[in-house]
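Chemist: Right, I'll just put the structure down here and ask away after.
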Amino acid sequence: TTILFHVSEDRTNATAMSIPRDLMTEIPECETKNEDGTTTVVPGTPNERFNTSLGQNGRDPGCTMRTVENITGLKPDHFMMVDFNAVKSLTSAVGGVKVCMAKPIDDPKSHLKLPQGESKVQGEQALALLRTRDSFGNRSDLDRIKVQQQFLGSMIREMKSSDTLTNPKKLYKLADAATKALTVDTAIGDAKKLMTLAEEIGKVDTKNISFLTMPVIDNPNEPKPVTVVVDPVKGEQLFAMMRSDTSLTEVKQKEKAAKGKQAALLKGPKADAADVRVDVLNGGEIPGAAGSTVTWLQNEQGVLKSTNKANAPEKIKKTTLEYAPNQADQARALAEMMGLPATAMKKGTADAEGLEAMVLTLGADFKGAGQLITGPPKPPKDLEKASADKAVCAQ
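For the sequence shown, the tail end lands on 395 under the UniProt record's numbering, and the numbers increase by one without skipping.
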């Protein structure tokens, strides 16, 4: 199973999204390196199982990373490949992982035998648990994924409770074992680099680490579906949340807080549209967004003193409006027109002089001219998720 583990920039939350192996998707063209140093371009395929993005036709982990980016809009920074031996080595290195079974397990295929209730597994037994399919749920890959997520959550709790992620000696021992067991990219290819990565992940509270599976539906192109495709609505909702670093465990609180902040933000006098002066830059993903926004502001909203300043120096995730204290009435007017959340408002400390304009930089959250930029994205309805701080018994 492939897991996209996304940690927010401020390290307050993380989302671990499992991707079903039988997901039908586009595998994009990718470049792979040969043993002699040369490169080979593997052609893309329009409708393939996700698991063919690795190993098939010479595809390497970089091809899987490109496929994940193609599906979600999130660009992975690193990869880790965990094979059977790595599972056995790492579970032994942490002293075993606590698991809970809702019923006794005696699986003839994987040879997994566990009593009802709590047990501790490592080595061969841990591997058997992660490979077992027929003893859980309706024997599907999606039910096996749930067990794998419960296992990973327990492993994180184990490392947190034993101070493995904060004790330098324990962390180095684990990182050293990981370098021998895992296949990783060169950027995290030694123990010290893995320690740094683990320390960053360790900053996230376990209650804010969410485990879930990519929202999928049965493949509509199959009379008797055996594969799945991304749910076009729920999938994009989830991907948007991950791209904006929105915590799945705190989304309701954040949504309520955002509404309160925006209501407070819009209180006070608002300038007439004709008096709003703003420079617009594009720091998002939509080509020509600054120009289309200026056209909309001028033609639809009457903001004639808006100027297209083309592309921003760098890409940003969230739209921002920089303004001076004596431009607050203009900022409130523009915020209301565009549905800017309070988090977008960046008030300066010095008053603007003369005809100085505010600066609106469109981010990745900008969807198009005339479409409101709201607060935190809403999660998909009925999204099954679990947090790393809670133990769940596998069923």
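Built from N, CA and C at the ideal position, the CB exists for glycine as well.
Per DSSP, what kind of secondary structure is L340 in: helix, strand or coil?
Modeler: coil
Chemist: Would K192 be called buried (16 or more neighbouring beta carbons within 10 Å of its own) or exposed?
Modeler: exposed
Chemist: Under 8 Å, do T25 and G62 count as touching if we go by C-beta distance?
Modeler: Going by C-beta atoms, T25 is not nearer than 8 Å to G62.
Chemist: Ignoring anything shorter than 3 residues or poking outside the segment 106-132, list the beta strand (DSSP E) runs there in chain order.
Modeler: Assignment of beta strand (DSSP E) within the segment 106-132, counting only whole runs of 3 or more residues, yields 112-114, 117-121 in chain order.
Chemist: Spell out a yes or no on whether the segment 309-316 and the segment 332-343 are touching, meaning 3 or more CB-CB pairs, one atom from each, closer than 8 Å.
Modeler: no
Chemist: CA-CA distance, P310 and G368?
Modeler: It should be pointed out that residue 310 corresponds to Ala in this sequence rather than to Pro. About 15 Å.
Chemist: Alpha helix (DSSP H) containing I217: first to last residue?
Modeler: Premise fails: I217 lies in the beta strand (DSSP E), 216-218, not in any alpha helix (DSSP H).
Chemist: In the structure shown, what three-state DSSP assignment does P46 receive?
Modeler: strand
Chemist: On the CB-based measure, 16 or more other CB atoms within 10 Å of its CB, does H6 come out buried or exposed?
Modeler: Around the C-beta of H6, 16 or more other C-beta atoms lie within 10 Å, and the residue is accordingly described as buried.
Chemist: Taking the alpha-carbon of I71 as reference, which of P380, G189, A274, R49 has the nearest alpha-carbon?
Modeler: Distances from the alpha-carbon of I71 to those of P380, G189, A274, R49 put R49 closest.
Chemist: With DSSP as the reference, identify every bridge partner of E200, one or two as the case may be.
Modeler: When beta bridges are read from the DSSP output, E200 appears opposite no residue.
Chemist: To the nearest angstrom, how far is it from the Cα of P115 to the Cα of V147?
Modeler: 16 Å
Chemist: With respect to the beta strand (DSSP E) encompassing V97, which residues constitute its N-terminal and C-terminal limits?
Modeler: 97-101
Chemist: Does the pairing of the segment 87-97 with the segment 158-165 give three or more beta-carbon distances under 8 Å?
Modeler: yes
Chemist: What's the gap between the Cα of V392 and the Cα of V82?
Modeler: 23 Å
Chemist: Distance check for A181 and L130, CA to CA, integer angstroms please.
Modeler: 17 Å
Chemist: Between the alpha carbons of Q122 and K318, how many angstroms are there, rounded?
Modeler: 43 Å
Chemist: Where does the unbroken alpha helix (DSSP H) through R157 begin, and where does it stop?
Modeler: Here the alpha helix (DSSP H) through R157 covers 141-161.
Chemist: DSSP three-state label for I19, please.
Modeler: strand
Chemist: In whole angstroms, give me the CA-to-CA distance for P380 and G235.
Modeler: Their Cα atoms are separated by approximately 8 Å.
Chemist: Pick helix, strand or coil for C63, following the three-state DSSP scheme.
Modeler: helix
Chemist: Decide if K270 is buried, meaning its Cβ has at least 16 other Cβ atoms within 10 Å, or exposed.
Modeler: buried
Chemist: Nearer than 7 Å: is that true of the beta carbon of R59 relative to any heavy atom of the ligand NAP?
Modeler: The ligand NAP is absent from the structure shown, which contains no ligand whatsoever.
Chemist: Quick check on the DSSP output: the alpha helix (DSSP H) that includes V87 runs from which residue to which?
Modeler: 84-93
Chemist: Consult DSSP for K347 and reduce its assignment to one of helix, strand or coil.
Modeler: strand
Chemist: From Q237 to D231, what distance separates their C-alpha atoms?
Modeler: 10 Å
Chemist: Whose CA, out of M101, G117, S119, E124, lies closest to the CA of H111?
Modeler: Checking every option, the nearest Cα to that of H111 belongs to E124.
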